[in-house]
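*Asks:*
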Amino acid sequence: MPLSWNEIRARALAFAKEWADETSEDAEAKSFWDGFFAIYGLSRRRVASFEEPVRKSDGKGGFIDLLWKGVLLVEHKSRGKDLDRAYQQAIDYFPGLKERDLPRYVLVSDFARFRLYDLDQGQQHEFLLGDLPRHIRLFGFIAGYQTRSFGQEDPVNAKAAEHLGRLHDQLKAAGYDGHALEVLLVRVLFCLFAEDTAIFERRQFQDYVEQRTAEDGSDLGMHLAQFFQVLDTPLEKRPKTLDEQLAAFPYVNGRLFAEALAIAACDGAMRETLLDCCAVDWSRISPAVFGSLFQSIMDRQARRAIGAHYTSETNILRLIRPLFLDALRAEFDKAKGNKNRLFEFLKKLAGLRFLDPACGCGNFLVIAYRELRLLELDVLRHVRGQDSLSGGQMHLDIFQLVQINVDQFYGIEIEEWPARIAEVALWLTDHQMNLRVSEEFGAYYVRLPLRQAPHIVHGNALALDWNDVVPAERLAYLLGNPPFVGKHYQSRAQKAELLAVFDGLRGASDLDYVACWYRKAAEYMAANPAIGAAFVSTNSITQGEQVGILWPDLYRLGVKIHFAHRTFQWQSEARGKAAVHCVIVGFGLNEAAEKWLFDYETLRSEPHAIRAANINPYLADAPDVIAVKRQRPLAAVPVMRCGNKPSDGGHLLLTAEEKDSLLSDEPGAAPWLRRFVGSEEFINGIERWCLWLDGIPPDTLRKLPGVLARVEAVRDFRAQSSAEPTRRMADNPTRFFFVSQPAEDYILVPEVSSERRRYVPVGLMAAEVISSNKNYLIAEKNLYLLGVLQSAMHMTWMSTVGGRLKSDFQYSATLVYNTFPWPDPSDKPRAAVEAAAQAVLDARAAFPGATLADLYDPLTMPPDLLKAHQRLDRAVDAAYGAKAFKSEAERVAFLFQRYQALTSLLPAAKAPKRRRRSPAATE
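If you count by my numbering, then the sequence shown holds residues 892 to 1814, one letter each, in order.
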């Protein structure tokens, strides 16, 4: 497994210090590069050679300083030498290398400086030796981390969507709304695209609007209505007296312009906005913009209701590349030298069928179609290169060989007009690719009028039999971005659909809506286990309690995870875009030859591809073991309880100012005020207080009118609650709704903490400090427990099996603490953990003015505190008898193996029963 980035960074720092003063190329260059490869845990001898003989561009012989064939060429100079000259020398070696040995990277150095050229991306990076620790990710390919670039977004996409969104707003404000508005915008979108991509003449639509409509826009709606009618009429059926400018437009077909719409009443502002739209270069528009456009014309409430999160091209490529595109590209590479195999490969591509069962505006389908056509184009280039026919005959043959078409793509969409946008987007993408073929082979190639059509079904994917859309036996791939919709946001109808799909599975009501598509896919693929599938999902289905509900059911149906992207932030181009933390899960009913995990250092960084032996439901390279909620700890450790819950409407809680004001009026309240700490107060050092009135004599309470007024407000608040247990507690308004306060000092674990922190801070609290229900408590002042809970071992377990609030860690006693595979150390390792835990507390105490948020922020964490934690980590690892872990993935695998061993010693648990649904429930 690759080294962790923390380990690589530490090695890079040591390397930079060791070689800070070296100057001589001849004396130490080889040792320098051996050490450089060692930073990444790789022996140079395994992959690269020194002094590789090669014939240079001038015909003379030479020796490459270091060559890793197909990957990296290094040219090394003595300190202070010209790096530009070194780079030119490196390039001069290229003619002497075989094509397959040409490197992607060229690296030149003089000990003090590095300059890395990425020849694929056309990028150059230069930095000093001392800055190497900050640039280690540039060389992730050495460690086995493959930095993947999945496409770059063109700013014109967002600009185009913004213009059309503004036109939508103007028309809607004028009263042109609903179905007619949506159809009108889809048609305008087609026309804008058409005039920049040779469906229409250049500026043909823009000129018509500018030259034939009034500046005040009063006749714009009428002209558009006639214009759309013309586009829907075959040339031979158009009136002889038709305006010459209109008659010049081609016949489009495809049902896009067939429906007669109410004529929009426009004004000058709308006309100007339409002309602004025309000014955009629509030839640069990514197909993903069509989904963004649709999101731009929806309000926020509608987006939440249908779970729509339209996506960027970058994110789509993150799914389709490992699902099918990378494998097809590899198959093409193997067939390049054999013309017959290339023809067979073209036939295979034309036979592939794709289904997006929640296709929205078709973003995934159009990008998949475009990439498939680009692959076909690359194959045709090689066919041409091997063909000996004349130029004219070659054009004819090539165009006959273009077989991939939009009718290979299927979709299901619950809303009518996104389905129509998906059809249009696929047609436009087809035209884009036909233009590429035309440019490549020198003759205009167009499919107009539109004849083949994509199969986009308007319907509810959860109620339909997907075999009625496309039989599973004909399908190659399932893909898409089904609606997320968390359990608390589902409508009554969506909740009913979810329960129907899972047909009585216990706990199904706690699943996200997206889980339905996984279940339907697994059932659908049973008729064809060769189907590959991948969905975008909220990361919640791979975390917390949902794992134990969903994944055993999918395993029962034979599902196996083939690849996965771990949590990253989903990017959308649309207005009002939502920040969503997602995963991508690729799966099937067969075993994959290779399994890949894509990990992210930050939510917005590029992923790193890591080969995995197995991918479990937590998207970890670990056994298929699921941590199931337990009511008691797995090991012989004290019980963890939730903190005290006031359920008081805020009347028993006080800020520091409110506390001081109360004491000013009623000094006798002082004995009944206690510090009150929730997760936020604990971590951020916020001062908060509560009235802790257990045991207060009635006569004392009556002498405190301010306190008594608060108690009365608590009673009224609880009496009005919709929850019966809360209403019952109205009779006891001086007491917290739930009380678990220890009588002695205790360990506090915050329920929620930022995922940015390497360690969730755990603390020892005095008994008189009241902890809220936003914390978990252990009623012992136990340094060993504190040390283990604060260790990297426990942090890793929590971040893997625990739930998340957005991306923040969300602790759980039943799911994290009670399932944690504790060590069972002897006295000496236990004492070492206790000493290391105390050292962590001492390191915190050295900064009395700092909050835990300050101390545990990755940017401000004191070095002494970090070192204390690292010593604690080593002590806890030793308590397990574990060797040093090279990566986080190794630690996760170790913990799951231990959990598997510990739970196998327990009595077998009964399998959860599937609830039988009454006949009435299915009606």
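Backbone N, C-alpha and C define an ideal beta-carbon position, used for all residues, glycine too.
Please read these numbers as outputs of a predicted model, since none were measured by experiment.
Tell me which residue opens and which closes the beta strand (DSSP E) that Phe-1776 is part of.
*Replies:* Looking at the DSSP string, Phe-1776 is not in any beta strand (DSSP E), and its letter there is neither H nor E.
*Asks:* Would the segment 1662 to 1671 count as touching the segment 1486 to 1496 if we require 3 or more Cβ pairs under 8 Å?
*Replies:* Judged by Cβ distances under 8 Å, the segment 1662 to 1671 makes no contact with the segment 1486 to 1496, as fewer than three pairs qualify.
*Asks:* Note down, in chain order, each residue of its chain lying with its Cβ closer than 7 Å to the Cβ of Val-1605, except the 5 sequence neighbours on either side.
*Replies:* Asp-1539, Gly-1540, His-1542, Leu-1543, Pro-1624
*Asks:* State the Cα-Cα distance for the pair Phe-1041 and Ala-1736, rounded to the nearest angstrom.
*Replies:* Caution is warranted here: a pLDDT of 44 is assigned to Phe-1041, below 50, making its placement in the model unreliable, and no coordinate value can be reported.
*Asks:* To the nearest angstrom, report how far apart Tyr-1509 and Ala-1500 are at their CA atoms.
*Replies:* 17 Å
*Asks:* How is Asn-1372 classed by DSSP in three states: helix, strand or coil?
*Replies:* coil
*Asks:* For His-1379, does the three-state DSSP call read helix, strand or coil?
*Replies:* coil
*Asks:* If you reduce the DSSP assignment to three classes, tell me which class Glu-1106 lands in.
*Replies:* coil
*Asks:* Using CA atoms only, rank isn't needed, just tell me which of Arg-1566, His-1349, Tyr-1301 is closest to Ala-1658.
*Replies:* Arg-1566
*Asks:* Where Pro-1596 and Gln-1460 are concerned, what is the direct C-alpha to C-alpha distance, given to the nearest angstrom?
*Replies:* Annotation: Pro-1596 to Gln-1460 spans about 52 Å, alpha carbon to alpha carbon.
*Asks:* Any contact of the segment 941 to 960 with the segment 972 to 988, i.e. 3+ C-beta pairs under 8 Å?
*Replies:* Flag = yes, the segment 941 to 960 and the segment 972 to 988 touch.
*Asks:* From His-1070, Ala-1728, Pro-1720, Tyr-1747, pick the residue whose C-alpha is nearest to that of Tyr-1771; which is it?
*Replies:* Taking Tyr-1771 as reference, the option from His-1070, Ala-1728, Pro-1720, Tyr-1747 with the minimal CA-CA separation is Pro-1720.
*Asks:* Use the C-beta contact count for Asp-1321: other C-beta atoms within 10 angstroms, 16 or more gives buried, fewer gives exposed.
*Replies:* By the neighbour-count rule (16 or more Cβ atoms within 10 Å), Asp-1321 is buried.
*Asks:* Would you tell me roughly how many angstroms separate the C-alpha atoms of Leu-963 and Ala-1221, rounded to the nearest one?
*Replies:* 21 Å
*Asks:* Considering Glu-966, what are the terminal residues of the beta strand (DSSP E) in which it resides?
*Replies:* 963 to 967
*Asks:* For the segment 1567 to 1585 against the segment 1544 to 1551, do three or more pairs of beta-carbon atoms, one drawn from each stretch, fall closer than 8 Å, so that the two count as touching?
*Replies:* yes
*Asks:* Please classify Leu-1240 as buried or exposed, where buried requires at least 16 other C-beta atoms within 10 Å of its C-beta.
*Replies:* buried
*Asks:* Could you check what DSSP says for Arg-900 in three-state terms: helix, strand or coil?
*Replies:* helix
*Asks:* What does a CB cutoff of less than 6 Å around Val-999 pick up in its chain, not counting 5 residues either side in sequence?
*Replies:* Glu-966, Leu-974, Ala-977, Tyr-978, Arg-1006
*Asks:* What residues match up with Asn-1535 in a beta bridge as DSSP calls it?
*Replies:* Ser-1663
*Asks:* Can you have a look at Asn-1351 and say buried or exposed, based on whether 16 or more other CB atoms are within 10 angstroms of its CB?
*Replies:* Counting Cβ neighbours within 10 Å, Asn-1351 comes out exposed, since fewer than 16 surround it.
*Asks:* What is the DSSP secondary structure of Phe-1018, reduced to helix, strand or coil?
*Replies:* It is a strand residue.
*Asks:* Excluding the five sequence neighbours on either side, which residues of its own chain have a C-beta within less than 8 Å of the C-beta of Ala-1728, listed in chain order?
*Replies:* Leu-1674, Tyr-1675, Leu-1677, Gly-1678, Gln-1681, Leu-1763
*Asks:* DSSP beta-bridge partners for Leu-1246?
*Replies:* Tyr-1301, Leu-1369
*Asks:* Give, in chain order, every unbroken run of the alpha helix (DSSP H) that is at least 4 residues long and sits entirely within the segment 1198 to 1235.
*Replies:* 1204 to 1211, 1217 to 1226
*Asks:* Within 7 Å: the Cβ of Phe-1215 and any heavy atom of the ligand NAP?
*Replies:* Judged by which ligands are present, the structure shown has none, so any question about the ligand NAP falls away.
*Asks:* Run through DSSP, which three-state label would Ser-1428 get?
*Replies:* strand
*Asks:* If contacts are defined as beta-carbon pairs under 8 Å, then His-1760 and Val-1724 qualify, I think. What distance do you get, rounded to the angstrom?
*Replies:* The Cβ separation is near 13 Å, so there is no contact.
*Asks:* Provide the residue span of the alpha helix (DSSP H) that contains His-1499, from first to last.
*Replies:* No alpha helix (DSSP H) holds His-1499; the beta strand (DSSP E) holding it covers 1499 to 1503.
*Asks:* State the beta-bridge partners of His-1472 as determined by DSSP.
*Replies:* Gln-1460
*Asks:* Skipping 5 residues on each side, what residues in its chain have a beta carbon closer than 8 Å to that of Asp-1298?
*Replies:* Gln-1343, Ala-1344, Pro-1345, His-1346
*Asks:* Could you give the DSSP three-state label for Arg-1039: helix, strand or coil?
*Replies:* Unreliable placement is indicated for Arg-1039, whose pLDDT of 45 sits below 50; the coordinate value is still reported in the next sentence. Coil at Arg-1039, not helix or strand.
*Asks:* Cα-Cα, which of Pro-1443, Thr-1687, Glu-1135 is closest to Phe-1785?
*Replies:* Relative to Phe-1785, the option among Pro-1443, Thr-1687, Glu-1135 whose CA is nearest is Thr-1687.
*Asks:* From which residue to which residue does the beta strand (DSSP E) around Gly-1435 run?
*Replies:* No beta strand (DSSP E) holds Gly-1435; the alpha helix (DSSP H) holding it covers 1435 to 1447.
*Asks:* Is Pro-944 helix, strand or coil by DSSP?
*Replies:* strand
*Asks:* So, Asp-1123 versus Ala-1153, is the Cβ gap smaller than 8 Å?
*Replies:* no
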